Each structure stands twice: as C-alpha cells, then as structure tokens.
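Read in order, the letters of the sequence shown are residues 201 to 459 in the working numbering.
In what follows, a single structure is set out as structure tokens and then discussed.
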Amino acid sequence: MEKFDTYNLEFEYWDNSTTNPGGYYCNNYLTPNNLPCTVNGAFQFFITILQEMKTLANNNTHSIKTEAYVGWPTAAQAAIIGANLDRLRLHAYVSNPNTSFNYSKDRLIDFANSTPGLNISIIFSSEPNFMQSWLNNNSMGSAEHIYKADYLNESSVWANNINLEGFTYFAYTYNTGITLSTNHHTPYKELITFPNLVQNILTIENIKNLKNIKIYNNSGQLVTETKVTKIDFTNLSKGIYILQLHTDNDILTKKIIKE
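And the structure:
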C-alpha cells in the first residue's frame, strides 16, 4: 500500500489578478470563507491551510512533512510561513541560471533571518519564456552547480542559517530532450558524514571521484582544503562549518557542527 510522505500547498496568494474582486481565488476561496479579496486575505487563507496540513501531518501515525511553493513573500510573511512548514519551495524563474541566486537572494535572507535551519528547495522553470533555451544547450546539473556555487560563495552569515535542499523544475513536461544530471552524480542522500557533532575527526564515506574538499567557517572564510576523507577538526573553533566536496561531476555541500 502506498502512503503520502509530503503534503504540498500551492496557493499564489501574492498574485493580485487572482486575489482581487472577480479573480479566481476571490470567487472560489476567499469570499466563501468570509475573507477580503486582497493579498492579505489570501495570505490569511494560505496560512490557515498550512496550519491544517501541519495538524493532519502531526496526527498521522506515518511520518509526513509539510511544504509549500512560494513566490514573493514580504519579510513579515516569510517569518510566518517559515514557522508553519518543514520545507519551502522557492521559485527562481529566470532565463539563465547565472542570475538565479541573486534573483532569489533577498527572499532567502528573509527566511534565513526569521527561521534559521529552514530547509529550502529552489524551483527553476523550464518553460519557453524562462530557462528552456538555456537547458536545451546545457544540462540541469550545470544549472544546479551554478546556483550552489553562488550560494557557497556568499560570505554573509545568513547563508549558514538555511539548508539548501535540492532543486525542482516547472514543469518536467517541458524537459523533453534536455540533458539531465550526469549518471555519475552522487545524490545527497548517499553521502555519509559522521559523527553528526564532530569534536576531533570527521569521516566522509560513499563519495566517488573526489577531487578535493574545502571547509568554510561561519563567516564564509576558507579554513581548510584537503583531499582526504578523514578530516581533523581538533584545532578548529566550535561552531558551524560548510563542507564543500568537489568531484569530477559535481559540487556537494554539507553543514557540519563542531562541538
């Protein structure tokens, strides 16, 4: 028997064309629930549904995570959203991935400041008016590498307050003929690092074609570069570090806590 492991909400409360009087959200969701046909009314409905999803997930004997797709929240809205879900799916709809990180940066900062530790997945669009042309000449893996590299090069402390958790594409039906990530790609779930809270030696396992490892501190400064999979943290200060693993085909990142 199959079971759901995620409840996902897509409700574009920030879209005036659907929330204003006469709009689809106004007619079908806001008015029937005695809410004003405004962005604020739509946001209130959005949060109510998120909270109901969370309650259903918590009451289930089977482990279920909650998530939502979000486009353009204000800083105040980001704080409320982050407190009511397990994972955020944030859109970065651009025509070239070289601009995608900066396009989403301000929104990432709002979530990092309000909900430290939040898991965030980035959504690209492979529609013709967004990234389809670029993806026809480059791989999805390359687009993801560009975003991750820009994120890791961000030196501000806020970047350590979020967990970048993969990528999604809207919509996969547009991806016919597009090169996917290489078959040699090492998924994050296969990478093993232990112990979770390191005091002395950090061990890395299950990674192929490793070229080098870089470790950045909480300020974004490079503190160690090595090629070995047993790394001595003894002389490093307590705190959060970003582990960046370069392979022949990918750049993987992992957050490490030094006790």
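The beta-carbon is built from N, C-alpha and C at its ideal position, and this holds for glycine as well.
The structure presented is a predicted model; accordingly, all values stated were derived computationally and were not measured.
Asked, Found
"N- and C-terminal bounds of the alpha helix (DSSP H) containing residue 256", "239 to 258"
"Span of the beta strand (DSSP E) around residue 349", "Looking at the DSSP string, residue 349 is not in any beta strand (DSSP E); the run it does join, the alpha helix (DSSP H), is 340 to 352."
"Residue 358 vs residue 309 beta-carbon contact at 8 Å", "yes"
"For residue 291, the residue or residues it bridges with in DSSP", "323"
"Nearest-angstrom Cβ-Cβ length linking residue 245 and residue 224, presumed shorter than 8 Å", "Actually they do not touch by this definition, with Cβ atoms about 13 Å apart."
"Alpha helix (DSSP H) segments (min. 4 residues) lying fully within the stretch 202 to 242", "216 to 219"
"Where residue 277 falls: helix, strand or coil (DSSP)", "helix"
"Residue 434, DSSP secondary structure in three states", "coil"
"Contact belief for residue 290 with residue 323 at Cβ below 8 Å, rounded distance in angstroms", "7 Å"
"When 459, 426, 408 and 338 are compared against residue 434, the one with the closest alpha-carbon", "459"
"CB of residue 360 within 8 Å of CB of residue 442, strictly", "yes"
"Where the beta strand (DSSP E) containing residue 311 begins and where it ends", "Taken as a continuous stretch (DSSP letters only), residue 311 belongs to no beta strand (DSSP E), being part of the alpha helix (DSSP H) at 300 to 314."
"Reference residue 456, options 326, 344, 317 and 447, closest by Cα", "317"
"Contacting residues, own chain, Cβ-Cβ under 7 Å from residue 418 (five flanking each side not counted)", "357, 360, 439 and 440"
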